[in-house]
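Colleague:
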Amino acid sequence: MNALAAQVAPVSTWSPYQNDIYNFVSIDPNDYIGMMPYDWKRNGIIKAVAGSGKSTTIVEAMRRIRPGLSAVFLAFNKAIADELKRRGVNARTFHSLVFSTVMRHKNQREVETSKLKIIIDNNLTGREVKLYGAFVRKLVGLARNAGIGCLEPDTYESWAALAEYHDLELESEAASFDSAINICRGILHSCYQSPMVDFDDMLYLAVRDGLSLPKFDFIFVDEAQDTNAIQRAILRKIVKPTSRLIAVGDPSQSIYGFRGADSNSMDLIKEEFNCHELPLTVSYRCATSIVEFARKWVSHIEPAPNAPQGSVEMLGQDWNAKTFASGDLIVCRTTKPLVTLVYQLIKMHIPAVILGKEIGAGLISLINKLGGENLEELSNNLYAWSIRESEKAIARKQESKAEQIYDKRDALLTLMDALTEADRSVDGLIRLIERLFSDKTAAITLATIHKSKGLEASRVFWLNSSQCPAKWARQPWQQQQEVNLCYVATTRAKSKLVLIEEKSRE
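For this note's numbering, count along the sequence shown from 1 and bump the result up by 1.
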């Protein structure tokens, strides 16, 4: 019997797409040497639309693996890995896969999250830190994800190309681009020589130092659209000649290019590992009307056969805080509108939080950087900073950076306005930020679209949908990821999607 004709027992609850995946995984090509068609491929890449039951499908697929074969599921983050472990899956993150090996190699017990800052402070003068610090931190982090020094040559040209790809520019007219690149190269070398280990180091050191990692018969890779060059190098280290790799992801949910993920990572995996493409295009999350709306950006997404009709509504500015109910999710391209809204909800005694402790931490860091004995001084410093830095960004055609500057400024000003008389101090402002920004859900959850990825709710409100995609995106990959944000925002909704616009102030 031809191996490709072998079928797993049909299950009525599985879609034809899922059964194709199970059939593909169930075949052991080593049992059919010489019988496979010449174009049969050992590895696979599953293109799964939002809400397609990706995790359920992969858990079931892993059950179809022949007993005795080793398998690992590489999850995007620890929360996903922990959830899959509870479902009986050997799930790891890329970092947990290499953690013990790298820490033993460097004779370390703990991760030093401030490593890069420490090295920059120890190697640069105060003036150099002011001129180059932010640029160096960003570019060196991206360089480790790109594998400069092990996957890419450590040359001026490699660094300059990486900076250009990510639209990185120096913040000061007094700074020299050539000097910045030379500083980055030196800092990367110091990072490599240092005994300290941070999270970016883990994958980079495993590849650069050729460390031995465990190999598996089956490797499943989750969120493959968000992988980078150093992660693909890790995959090469854990495969055997007889291994099979199954990568799962959605190119239309690729939104983390600014962190160093390759915007075309799924195509790169498909080409490098010679993968057979398997679609998973039925969304079991979204109602039919929401799927139809999402087709503006992803034409191949399908509703489930028995999906409810659901609804997509456009309220514009015809809404207020009472429009929302417990369990709702509110998403927005930027932070400031969320800050305004979350405080309105809290004033009405409606429990609400903005997801993203790191967003709040960034605002607090800016407060500490600007200084000020009181809110008036802080406000003046904030305005001066926003004018100075946005003008520099616009002059360099860095519209995305200018948008981030305005967003932080307006978010902080809104929070200052929201303080009660008893809390009107810099410390009170910091306490408010710590309370509002969290990674815990509340009755109503607010999130940037980037932070909402992976979430779902019966009712989703998309705030300021007219501002997405952002017009500033210049690089083709940036333009595509801005379009992807529209798709991500839409497909968080299960039964109702409501488009609303921020109300203009009198």
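Backbone N, C-alpha and C define an ideal beta-carbon position, used for all residues, glycine too.
1. What are the start and end residues of the alpha helix (DSSP H) that includes Trp386?
2. Which whole-angstrom value describes the C-beta separation of Lys116 and Asp199, a residue pair presumed to lie in contact below a C-beta threshold of 8 Å?
3. Is it the case that the region 407-416 contacts the region 475-491, given that we only count it when at least three CB pairs across the two stretches are under 8 Å?
4. When the Cα atoms are used, what is the spatial distance from Ser97 to Ala248?
5. Three or more C-beta pairs under 8 Å: does that hold for the region 318-334 against the region 413-425?
6. Assess, as a yes-or-no matter, whether the region 226-244 is touched by the region 464-474 under the definition of 3 or more beta carbon pairs within less than 8 Å.
7. Can you give me the start and stop residues for the beta strand (DSSP E) that Asn44 sits inside?
8. Measuring alpha carbon to alpha carbon, tell me which residue in Ser284, Asp319, Asn321 and Gly317 is nearest Pro306.
9. Leaving out five residues before and five after Ile59 in sequence, what residues of the same chain have Cβ atoms less than 7 Å from its Cβ?
10. What does a CB cutoff of less than 6 Å around Thr14 pick up in its chain, not counting 5 residues either side in sequence?
11. Could you name the residues of the same chain whose beta carbon sits closer than 8 Å to that of Arg506, not counting the 5 residues immediately before and after it, in chain order?
12. To which residues does DSSP link Ser284 through a beta bridge?
13. Say the cut is 8 Å; is the CB of Asn229 nearer than that to a heavy atom of the ligand NAD?
14. Please list the terminal residues of the continuous beta strand (DSSP E) segment that includes Val90.
15. Taking only three categories from DSSP, how would you classify Met63?
16. From this set, Ile388, Ile450, Met197 and Arg296, which residue's C-alpha is nearest His106's C-alpha?
17. I need the straight-line Cα distance from Val499 to Glu272, nearest angstrom please.
18. Write down the C-beta distance between Leu171 and Ala162 rounded to the nearest angstrom, noting that I regard them as a contact closer than 8 Å.
19. Nearest-angstrom Cα distance between Gly45 and Arg65?
20. Can you tell which of Asn382, Ile395 and Leu339 has its C-alpha closest to the C-alpha of Gly361?
21. At the level of alpha carbons, what is the spacing between Ser213 and Val90?
22. Please confirm whether Ile28 and Leu152 have their CB atoms less than 9 Å apart.
23. Tell me whether Arg237 is buried or exposed, calling it buried when 16 or more other Cβ atoms sit within 10 Å of its Cβ.
24. Are there 16 or more other CB atoms within 10 angstroms of the CB of Gly148, so buried, or fewer, so exposed?
25. For Ser439, list the residues DSSP reports as bridge partners.
26. Give me the Cα-Cα distance between Asn265 and Tyr344, rounded to the nearest whole angstrom.
27. According to DSSP, which residues form a beta bridge with His277?
28. Secondary structure at Tyr309, three-state DSSP: helix, strand or coil?
29. Can you find the residues in the same chain that come closer than 7 Å, C-beta to C-beta, to Gly69, ignoring five residues on each side of it along the sequence?
30. Rank Leu437, Lys216 and Lys139 by C-alpha distance to the C-alpha of Asp168 and give the top, closest one.
31. Taking its Cβ as the centre, do 16 or more other Cβ atoms sit within 10 Å of Ala396, making it buried, or is it exposed?
32. Which partner residues does Leu75 have in the DSSP bridge list?
33. Along the alpha helix (DSSP H) that carries Leu206, what are the first and last residues, could you check?
34. Please determine, among Cys192, Ile291, Arg233 and Ala448, the residue with the shortest C-alpha to C-alpha distance to Gly311.
Modeller: Looking at the atomic coordinates:
1. Within the sequence shown, the letter at position 385 stands for residue 386. Under the DSSP assignment, Trp386 falls in the alpha helix (DSSP H) whose first and last residues are Leu376 to Ala396.
2. Reading the sequence shown from its first residue, position 115 is the one you call residue 116. Reading the sequence shown from its first residue, position 198 is the one you call residue 199. Confirmed, Cβ separation roughly 4 Å.
3. no
4. Reading the sequence shown from its first residue, position 96 is the one you call residue 97. Reading the sequence shown from its first residue, position 247 is the one you call residue 248. If I take the Cα positions, the gap works out to 18 Å.
5. no
6. no
7. For the purposes of this step, residue 44 is identified with residue 43 of the sequence shown, where counting begins at 1. From DSSP, the beta strand (DSSP E) with Asn44 extends over Asn44 to Ala49.
8. Locating residue 306 in the sequence shown gives position 305, counting from the first residue. Of the listed residues, the one whose Cα sits closest to Pro306 is Ser284.
9. One-based indexing of the sequence shown puts residue 59 at position 58. Within its own chain, the residues whose Cβ lies closer than 7 Å to the Cβ of Ile59, once the five positions on either side in sequence are excluded, are Phe74, Phe221 and Val249, listed in chain order.
10. Stepping through the sequence shown from its first residue, residue 14 is reached at position 13. So no residue of the chain qualifies.
11. To locate residue 506, count along the sequence shown from 1; it is residue 505. At Arg506, the pLDDT of 49 sits below 50, so the modelled position is not reliable; the number obtained from the coordinates is stated separately. No residues qualify anywhere along the chain.
12. On the sequence shown, position 283 is the one that residue 284 refers to. When beta bridges are read from the DSSP output, Ser284 appears opposite Pro304.
13. Absence of the ligand NAD is noted for the structure shown, with no ligands found whatsoever.
14. Counting from 1 along the sequence shown, the entry for residue 90 is found at position 89. That residue, Val90, is in no beta strand (DSSP E); it is neither H nor E in DSSP.
15. What you label residue 63 is simply residue 62 of the sequence shown in a count that begins at 1. The answer is helix: DSSP assigns Met63 an H, G or I state.
16. As a position in the sequence shown, residue 106 is number 105, starting the count at 1. Nearest of Ile388, Ile450, Met197 and Arg296 to His106, Cα basis: Met197.
17. By 1-based counting over the sequence shown, the position of residue 499 is 498. By 1-based counting over the sequence shown, the position of residue 272 is 271. Take the alpha-carbon of Val499 and the one of Glu272: they are about 39 Å apart.
18. Here the question's residue 171 lines up with position 170 in the sequence shown. Here the question's residue 162 lines up with position 161 in the sequence shown. Not confirmed; about 16 Å, so no contact.
19. For the purposes of this step, residue 45 is taken as residue 44 along the sequence shown, with counting starting at 1. For the purposes of this step, residue 65 is taken as residue 64 along the sequence shown, with counting starting at 1. Our two residues, Gly45 and Arg65, have alpha carbons roughly 15 Å apart in a direct line.
20. Residue mapping note: residue 361 aligns to position 360 of the sequence shown, counting from 1. Looking at the Cα atoms, Leu339 is the closest of the given residues.
21. The residue you call residue 213 lines up with position 212 of the sequence shown. The residue you call residue 90 lines up with position 89 of the sequence shown. Spanning the two alpha carbons is a distance of roughly 23 Å.
22. Stepping through the sequence shown from its first residue, residue 28 is reached at position 27. Stepping through the sequence shown from its first residue, residue 152 is reached at position 151. Against a cut-off of 9 Å, the Cβ pair of Leu152 and Ile28 comes out as no contact.
23. Counting from one through the sequence shown, the residue named residue 237 turns up at place 236. Label assigned to Arg237: exposed.
24. Residue 148 sits at position 147 when you count from the first residue of the sequence shown. Classification for Gly148: buried.
25. Sequence index remark: in the sequence shown, residue 439 carries index 438 (1-based). According to DSSP, Ser439 bridges with Leu356.
26. The sequence position of residue 265 within the sequence shown is 264, counting from 1. The sequence position of residue 344 within the sequence shown is 343, counting from 1. Distance between the alpha carbons of Asn265 and Tyr344: 39 Å.
27. Against the sequence shown, residue 277 aligns to sequence position 276. DSSP, once it has assigned bridges, lists Gly45 as partnering His277.
28. The residue labelled residue 309 in the question sits at position 308 within the sequence shown. Position check: residue 309 holds Pro in this sequence, whereas Tyr was assumed. Reduced to three states, the DSSP call for Pro309 is coil.
29. On the sequence shown, residue 69 is found 68 positions in, with the first residue counted as 1. Correct list: empty, nothing qualifies.
30. The sequence position of residue 168 within the sequence shown is 167, counting from 1. Comparing Cα-Cα distances from Asp168 to each of Leu437, Lys216 and Lys139, the minimum goes to Lys139.
31. Position 395 of the sequence shown, counted from the start, is the residue given in the question as residue 396. Ala396 comes out exposed.
32. The count along the sequence shown starts at 1 and reaches residue 75 at position 74. Beta-bridge pairing links Leu75 to Arg93 and Val222.
33. Position 205 of the sequence shown, counted from the first residue, corresponds to residue 206. For Leu206, the uninterrupted alpha helix (DSSP H) segment begins and ends at Phe200 to Arg209.
34. Taking the sequence shown and counting its residues from 1, the one referred to as residue 311 is at position 310. Here the closest residue by C-alpha is Ile291.
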